[in-house]
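Presented below is the structure to which this report refers.
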Amino acid sequence: MRNLNVAVVGATGAVGTRMIQMLEGTSLPLGEVKLLASKRSAGKQLQFKNQTITVEELVPESFEGIDLALFSAGGSVSAKFAPEAVKRGAIVVDNTSHFRMDPTVPLVVPEVNPEALRQHKGIIANPNCSTIQMMVALEPIRKNFGLKRVIVSTYQAVSGAGNEAMDELKNQIEDYLAGKPAAELKAEILPAGSDKKHYPLAFNALPQIDVFDKDDYTFEEWKMVNETKKIMEDDTIKISATCVRIPVLVGHSESVYVETEKPASAQAIKEVIAQAPGAILEDDPTEQLYPQALNSVGKKETFVGRIRKDLDVETGVHLWVVSDNLLKGAAWNSVQIAEKMYAMGLLG
Ligand code: NAP
Ligand code: 3JM
Numbered sequence: 025m026r027n028l029n030v031a032v033v034g035a036t037g038a039v040g041t042r043m044i045q046m047l048e049g050t051s052l053p054l055g056e057v058k059l060l061a062s063k064r065s066a067g068k069q070l071q072f073k074n075q076t077i078t079v080e081e082l083v084p085e086s087f088e089g090i091d092l093a094l095f096s097a098g099g100s101v102s103a104k105f106a107p108e109a110v111k112r113g114a115i116v117v118d119n120t121s122h123f124r125m126d127p128t129v130p131l132v133v134p135e136v137n138p139e140a141l142r143q144h145k146g147i148i149a150n151p152n153c154s155t156i157q158m159m160v161a162l163e164p165i166r167k168n169f170g171l172k173r174v175i176v177s178t179y180q181a182v183s184g185a186g187n188e189a190m191d192e193l194k195n196q197i198e199d200y201l202a203g204k205p206a207a208e209l210k211a212e213i214l215p216a217g218s219d220k221k222h223y224p225l226a227f228n229a230l231p232q233i234d235v236f237d238k239d240d241y242t243f244e245e246w247k248m249v250n251e252t253k254k255i256m257e258d259d260t261i262k263i264s265a266t267c268v269r270i271p272v273l274v275g276h277s278e279s280v281y282v283e284t285e286k287p288a289s290a291q292a293i294k295e296v297i298a299q300a301p302g303a304i305l306e307d308d309p310t311e312q313l314y315p316q317a318l319n320s321v322g323k324k325e326t327f328v329g330r331i332r333k334d335l336d337v338e339t340g341v342h343l344w345v346v347s348d349n350l351l352k353g354a355a356w357n358s359v360q361i362a363e364k365m366y367a368m369g370l371l372g
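Take any residue in the sequence shown, count from 1 to its spot, add 24: that is its number in my numbering.
Printed below as a string of structure tokens:
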């Protein structure tokens, strides 16, 4: 089989730079690697393995001869350019929320629903970062004990909002430590770039990710709810989410409360998670061992710990779930989808 020509759309971004890293380590047979961004970054040079590649401005013709296009440049860029890529014969793996709930587009976590890839019509959607890591932890529980209800609270890193949001937080931290009052910290991006008001994240916790939507839940919270039902192909799962941004650079953490169909001991849950693909059990209170955002940075796996039974509900279990939001939450899940498609004969 011939080598695959790959385009990375949004190559200069927080996710795009990790896409490049993940492609450096991929088992896919790579041909040309094309790095695309806006006019602002055209001409910039980036390293790929031992090659220097010049970033090009994204135009519809960028996809001529491309087999695989990995998109992470925002929803409006995907809306306009993903169909252009498909028209030219490329398979698109899209990291934005734009196509996720389209019934004709598979929404895939390879450890959970790889078979959905067979239904693709050119575009495959990568779920939201917070959904992906929760799926890796919940799928073994669902498979073995059934899943009735999920209540999740997230503690999300600022890198999920992109490079500029990371810079905004770093500047606020410096200014605050230099003595600037909280009310004077510069905040123009968080909690949501497009919203009316902005608040500092430094030394803070913001219970708003993305804009507010139906029933006073934010769009990020709705993403977790709707995407979980779609990936697990089960509209009967009861699920609600509270998504919170905290001043961590990389690594999302989640407190997940689960009610199973069949009662399961904490030990039984630990055993199925220890065996689950993509998951690593880190749970030993006697050694103060539990997942931590800092330790997840640069890793592809999802770390699960603090597993304990609810004190009142017989089928209730609590978990702490951590992963690198830019890798399993975005770049690695996308490249993993492409590797899976190649292995299934759906790519190349
Ligand atoms: P970022 O750090 O702000 O990077 C944005 C990237 O998109 C940059 O490469 C930028 O290029 C490029 N871009 C922006 N506007 C463009 C345009 N009109 N045409 C071509 N390229 C354009 O953001 P990020 O964190 O990497 O996230 C990018 C997108 O990925 C998000 O908007 C989101 O939809 C998605 N995302 C998904 C997940 C997930 O959970 N799956 C997680 C995070 C992000 P320049 O250098 O030219 O500005
Ligand atoms: C993560 O279109 C945009 O402005 C991107 C907003 C965004 C999204 C999204 O909705 O695609 C920023 C960060 C995500 C995501 O993965 O859902």
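All C-beta atoms in this analysis are idealised placements derived from N, C-alpha and C, irrespective of residue type, glycine included.
Next item on the list: Figure out for me which residue from Ala226, Glu192 and Val359 has the closest Cα to the Cα of Gly49.
Entry: Along the sequence shown, one-based indexing puts residue 49 at 25. From the listed residues Ala226, Glu192 and Val359, the smallest Cα separation to Gly49 is found for Val359.
Item checked: Every unbroken beta strand (DSSP E) inside the stretch 121-172 [3 residues or more] -> DSSP runs (the beta strand (DSSP E)) wholly in the stretch 121-172: 147-149.
Notebook entry, point to check: Is Thr252 helix, strand or coil by DSSP?
Noted result: Stepping through the sequence shown from its first residue, residue 252 is reached at position 228. Three-state DSSP puts Thr252 in a helix.
Item checked: Asp336 to Phe243 span [Cα, whole Å] -> Here residue 336 is taken as the residue at index 312 of the sequence shown, counted from 1. Here residue 243 is taken as the residue at index 219 of the sequence shown, counted from 1. Looking at the two C-alpha atoms, the distance is approximately 31 Å.
Next item on the list: May I ask you to report which of helix, strand or coil DSSP gives Gln316?
Entry: Against the sequence shown, residue 316 aligns to sequence position 292. DSSP places Gln316 in coil when its eight states are reduced to three.
Note to self: Applying the 10 Å Cβ sphere with the 16-neighbour rule, what's the burial state of Ala211?
What the structure shows: Here residue 211 corresponds to residue number 187 of the sequence shown, with the count starting at 1. Only buried fits Ala211, as 16 or more other CB atoms lie within 10 angstroms of its CB.
Check: Mind checking whether the beta-carbon of Ala38 lies closer than 6 Å to any heavy atom of ligand 1?
Finding: Residue 38 sits at position 14 when you count from the first residue of the sequence shown. Of the heavy atoms belonging to ligand 1, at least one sits nearer than 6 Å to the Cβ of Ala38.
Next item on the list: Determine the closest residue to Met125 out of Val116, Thr76, Trp344 and Met248, with distance taken between C-alpha atoms.
Entry: Walking along the sequence shown from the start, residue 125 turns up at place 101. The candidate whose alpha carbon is nearest that of Met125 is Met248.
Checklist line | Distance between Lys352 and Ala300 (C-alpha atoms, nearest Å) | finding: Against the sequence shown, residue 300 aligns to sequence position 276. Against the sequence shown, residue 352 aligns to sequence position 328. When the Cα atoms are used, Ala300 and Lys352 turn out to be separated by approximately 15 Å.
Check: Beta-carbon separation of Gly170 and Glu285 under 7 Å?
Finding: The residue you call residue 170 lines up with position 146 of the sequence shown. The residue you call residue 285 lines up with position 261 of the sequence shown. The beta carbons of Gly170 and Glu285 sit closer together than 7 Å.
Check: At which residues does the beta strand (DSSP E) containing Asp199 begin and terminate?
Finding: The residue you call residue 199 lines up with position 175 of the sequence shown. Membership of Asp199 in any beta strand (DSSP E) is not indicated; the residue belongs instead to the alpha helix (DSSP H) covering Asn187 to Leu201.
Margin query: Going by the DSSP bridge assignment, what does Val32 pair with across the sheet?
Written below: Position 8 of the sequence shown, counting from 1, holds the residue named residue 32. According to DSSP, residue pairing for Val32 in a beta bridge involves Leu59 and Leu94.
Notebook entry, point to check: With distances taken between CB atoms, is the gap from Leu371 to Ile115 smaller than 7 Å?
Noted result: Translated into positions along the sequence shown, residue 371 becomes position 347. Translated into positions along the sequence shown, residue 115 becomes position 91. Yes; because the gap between Cβ atoms is below 7 Å, this pair is in contact.
Check: Under 7 Å, do Val39 and Ser121 count as touching if we go by C-beta distance?
Finding: For the purposes of this step, residue 39 is identified with residue 15 of the sequence shown, where counting begins at 1. For the purposes of this step, residue 121 is identified with residue 97 of the sequence shown, where counting begins at 1. Result no, Cβ atoms of Val39 and Ser121 do not sit closer than 7 Å.
Notebook entry, point to check: According to the neighbour-count rule (16 or more other Cβ atoms, all chains shown, within 10 Å of its Cβ), is Gln75 buried or exposed?
Noted result: On the sequence shown, position 51 is the one that residue 75 refers to. That one is exposed.
Check: Where does Val110 fall in DSSP's three states?
Finding: Translated into positions along the sequence shown, residue 110 becomes position 86. Helix at Val110.
Item checked: Cβ-Cβ separation, Pro130 to Leu141 (assumed contact under 8 Å), whole Å -> As a working mapping, residue 141 is identified with position 117 in the sequence shown. As a working mapping, residue 130 is identified with position 106 in the sequence shown. The Cβ separation is near 6 Å, so the contact holds.
Notebook entry, point to check: With Ala181 and Leu273 assumed to form a contact (beta carbons below 8 Å), what rounded beta-carbon distance in angstroms separates them?
Noted result: Here residue 181 refers to the residue found at position 157 of the sequence shown. Here residue 273 refers to the residue found at position 249 of the sequence shown. About 6 Å; that satisfies the 8 Å criterion.
Note to self: To the nearest angstrom, how far is the alpha carbon of Met190 from that of Met43?
What the structure shows: Position 166 of the sequence shown, counting from 1, holds the residue named residue 190. Position 19 of the sequence shown, counting from 1, holds the residue named residue 43. Roughly 18 Å between the two C-alpha positions.
Note to self: Just checking Gly369 against ligand 2 - is the residue's beta carbon closer than 6 Å to any of the ligand's heavy atoms?
What the structure shows: Here residue 369 refers to the residue found at position 345 of the sequence shown. No, since every heavy atom of ligand 2 falls outside the 6 Å radius drawn around the Cβ of Gly369.
Next item on the list: Could you check what DSSP says for Val296 in three-state terms: helix, strand or coil?
Entry: What you label residue 296 is simply residue 272 of the sequence shown in a count that begins at 1. Reduced to three states, the DSSP call for Val296 is helix.
Note to self: Suppose the cutoff is 6 Å on Cβ atoms and the five residues either side in sequence are ignored; what does the same chain contact list for Met365 look like?
What the structure shows: Residue mapping note: residue 365 aligns to position 341 of the sequence shown, counting from 1. Cβ-Cβ distances below 6 Å link Met365 to Leu141 and Leu371 in the same chain, with the five nearest sequence neighbours on each side left out; the list follows chain order.
Next item on the list: Kindly indicate which three-state DSSP category Gly99 falls into: helix, strand or coil?
Entry: Reading the sequence shown from its first residue, position 75 is the one you call residue 99. Helix.
Notebook entry, point to check: At which residues does the beta strand (DSSP E) containing Arg64 begin and terminate?
Noted result: Position 40 of the sequence shown, counting from 1, holds the residue named residue 64. Element bounds for Arg64: n/a, residue is neither H nor E.
Check: So what does DSSP say about Ile233, is it helix, strand or coil?
Finding: Against the sequence shown, residue 233 aligns to sequence position 209. Taken through DSSP and simplified to helix, strand or coil, Ile233 comes out as coil.
Item checked: Beta-carbon separation (whole angstroms), Ala61 vs Ala35, contact threshold 8 Å -> By 1-based counting over the sequence shown, the position of residue 61 is 37. By 1-based counting over the sequence shown, the position of residue 35 is 11. Rounded to the nearest angstrom, the Cβ distance from Ala61 to Ala35 is 5 Å, consistent with a contact under 8 Å.
Check: So Val79 and Gly67 are in contact, right, with Cβ under 8 Å, and what is the actual spacing, rounded?
Finding: Locating residue 79 in the sequence shown gives position 55, where the first residue counts as 1. Locating residue 67 in the sequence shown gives position 43, where the first residue counts as 1. At roughly 7 Å, the Cβ-Cβ gap stays under 8 Å, so Val79 and Gly67 are in contact.
Note to self: Quick check: is any heavy atom of ligand 2 less than 6 Å from the C-beta of Ser121?
What the structure shows: The residue you call residue 121 lines up with position 97 of the sequence shown. Yes, the Cβ of Ser121 comes within 6 Å of a heavy atom of ligand 2.
Notebook entry, point to check: Distance, Cα to Cα, Asn29 vs Leu59?
Noted result: Residue mapping note: residue 29 aligns to position 5 of the sequence shown, counting from 1. Residue mapping note: residue 59 aligns to position 35 of the sequence shown, counting from 1. Computed Cα separation, rounded: 11 Å.
Item checked: Neighbourhood of Ser264 by C-beta distance below 7 Å, restricted to the same chain and skipping five residues each side -> What you label residue 264 is simply residue 240 of the sequence shown in a count that begins at 1. Close CB contacts of Ser264 within its chain, under the 7 Å cut and outside five residues either way in sequence, are with Ile175 and Val249 (chain order).
Note to self: Taking DSSP's pairing of strands, which residues face Ile304 in a bridge?
What the structure shows: Counting from one through the sequence shown, the residue named residue 304 turns up at place 280. Residue pairing by DSSP places Ile304 opposite Phe327 in a beta bridge.
Next item on the list: Output the distance between the C-alpha atoms of Ile331 and Ser177, rounded to the nearest integer angstrom.
Entry: Taking the first residue of the sequence shown as 1, we reach residue 331 at position 307. Taking the first residue of the sequence shown as 1, we reach residue 177 at position 153. So the alpha carbons of these two residues sit roughly 15 Å apart.
Check: What residue range is occupied by the uninterrupted alpha helix (DSSP H) comprising Tyr366?
Finding: On the sequence shown, residue 366 is found 342 positions in, with the first residue counted as 1. Tyr366: member of the alpha helix (DSSP H) spanning Trp356 to Ala367, first to last residue.
Note to self: Can you determine whether any heavy atom of ligand 1 sits closer than 6 Å to the C-beta of Arg64, and answer yes or no?
What the structure shows: On the sequence shown, residue 64 is found 40 positions in, with the first residue counted as 1. Correct: Arg64 has its Cβ closer than 6 Å to ligand 1.
Notebook entry, point to check: Between the C-alpha atoms of Val341 and Ala292, what's the straight-line distance to the nearest angstrom?
Noted result: Taking the first residue of the sequence shown as position 1, residue 341 is located at position 317. Taking the first residue of the sequence shown as position 1, residue 292 is located at position 268. When only Cα atoms are considered, Val341 and Ala292 end up about 11 Å apart.
Checklist line | Reference Val110, options Lys220, Glu363, Lys253 and Ala31, closest by Cα | finding: Position 86 of the sequence shown, counted from the first residue, corresponds to residue 110. It is Ala31 whose Cα lies nearest to the Cα of Val110.
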